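Under full-length UniProt numbering, the residue at position 175 of the sequence shown is numbered 175, and the numbers go up by one with no gaps. Just so it is clear, CB atoms sit at the ideal spot from N, CA and C, and this is done for glycine as well. Quick caveat, the model's predicted, so the values are computed rather than measured. Here's the structure we're looking at; comments come further down.
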Amino acid sequence: MDGKRVSLLRSQTPGIEAVAADTTLTFGRHTHEQFGVGLILRGAQKSASGRGVVEAGAGDIVTVNPAEVHDGAPIGDAGRAWRMLYLAPAIVAELAADIGLPPSCEFTAPTFSERRMVPLFGRLFRAVTAPDAGRDGLATEQALLLMLGAVLQPRRGGLPAVPAGIASARAMIDDDPLAAPTLAQLAREAGLSRFQFLRGFARATGLTPHAYLVQRRLHRARQLIGSGVRLADAAAASGFADQSHMTRLFVRSFGMAPGSYAKALA
1 MDGKRVSLLR
11 SQTPGIEAVA
21 ADTTLTFGRH
31 THEQFGVGLI
41 LRGAQKSASG
51 RGVVEAGAGD
61 IVTVNPAEVH
71 DGAPIGDAGR
81 AWRMLYLAPA
91 IVAELAADIG
101 LPPSCEFTAP
111 TFSERRMVPL
121 FGRLFRAVTA
131 PDAGRDGLAT
141 EQALLLMLGA
151 VLQPRRGGLP
161 AVPAGIASAR
171 AMIDDDPLAA
181 PTLAQLAREA
191 GLSRFQFLRG
201 FARATGLTPH
211 AYLVQRRLHR
221 ARQLIGSGVR
231 LADAAAASGF
241 ADQSHMTRLF
251 VRSFGMAPGS
261 YAKALA
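Spelled out as structure tokens, the structure:
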């Protein structure tokens, strides 16, 4: 890699995305709709999320849960390299039941430094990305179970309670991310002043209302691009001013351009 690339690799397993990165990029606060598990190959990075600020270096396993707000920055000027797998929640739920875990399981630790996990991840990544992997479902299924069995745990307590008013305003965004609600409209839905709502929303979700709206639009764009919709049409259908606007925000969150994402899925 050229030191600045984040690439989506061709996955042979439906419901799993594979990413290879070697980059000095700093990623803004964003979310994924999938479970993410990966391995730092070189260098180190710092990431802040609801689970605190953590540092991970070469040989560490890193994880992220669906909808978990997080960022990422290299430690040092040389950047870092990693491999990451993003798993659809339905896949994780099915395998968790087989492992004997409840549906509410999650990755409870953002990093693992156990050497035994490195070969587990390596086998899983190869099973998902090898050109002939689709013909060896047994190897993929086995690797998935062993990897998830090592990192999944029952959720510690329930999800943090979101005040009803904040939840109602968030639902307005979720239900129609193409709309452009004003801060006053969202605050009125929550029954709060604009300032109270702004602070309360950020405290409950980890994002400002506008940043949350952008993430919902980006996830919609990813879904449309993944289904074969042209980039310009995906941008328009996701609420972006134009394709270049979508591209800037897409790269800031995911490290790759929408065109590269589409090409990898073609």
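Let me know if glycine 239 comes out buried or exposed under the rule of 16 or more other beta-carbons within 10 Å of its beta-carbon.
Buried, by the Cβ-count rule.
For glycine 165, count the other beta carbons within 10 Å of its own beta carbon; 16 or more makes it buried, fewer makes it exposed. Which is it?
By the 10 Å Cβ count, glycine 165 comes out buried.
Helix, strand or coil for glycine 72 per DSSP?
Note: glycine 72 maps to strand in three-state DSSP.
Do you know whose CA, among Arg42, Phe121 and Phe195, lies nearest aspartate 77's CA?
Closest by alpha carbon: Arg42.
Between the C-alpha atoms of glycine 59 and leucine 178, what's the straight-line distance to the nearest angstrom?
Going from the Cα of glycine 59 to the Cα of leucine 178 covers about 41 angstroms.
If you draw a straight line from the alpha carbon of glycine 79 to that of serine 7, how long is it in whole angstroms?
Whole-angstrom Cα-Cα distance: 15 angstroms.
Pull the bridge partners of glutamate 106 from the DSSP assignment, please.
Paired residue(s): Gln153.
Within the continuous alpha helix (DSSP H) that includes aspartate 174, where are the two ends?
Aspartate 174 -> alpha helix (DSSP H) spans 164-175.
How would you write the range of the alpha helix (DSSP H) that residue 271 sits in, first residue to last?
This structure leaves residue 271 out entirely; the chain is present only between 1 and 266.
Excluding the five sequence neighbours on either side, which residues of its own chain have a C-beta within less than 7 angstroms of the C-beta of threonine 31, listed in chain order?
Once the five neighbours on either side are set aside, the close Cβ partners of threonine 31 are Ala67, Glu68, Val69 and Gln215.
Express the C-alpha separation of glutamine 34 and methionine 147 in angstroms, rounding to a whole number.
Straight-line Cα distance between these residues: approximately 16 angstroms.
Tell me whether glutamate 106 is buried or exposed, calling it buried when 16 or more other Cβ atoms sit within 10 Å of its Cβ.
By the neighbour-count rule (16 or more Cβ atoms within 10 Å), glutamate 106 is buried.
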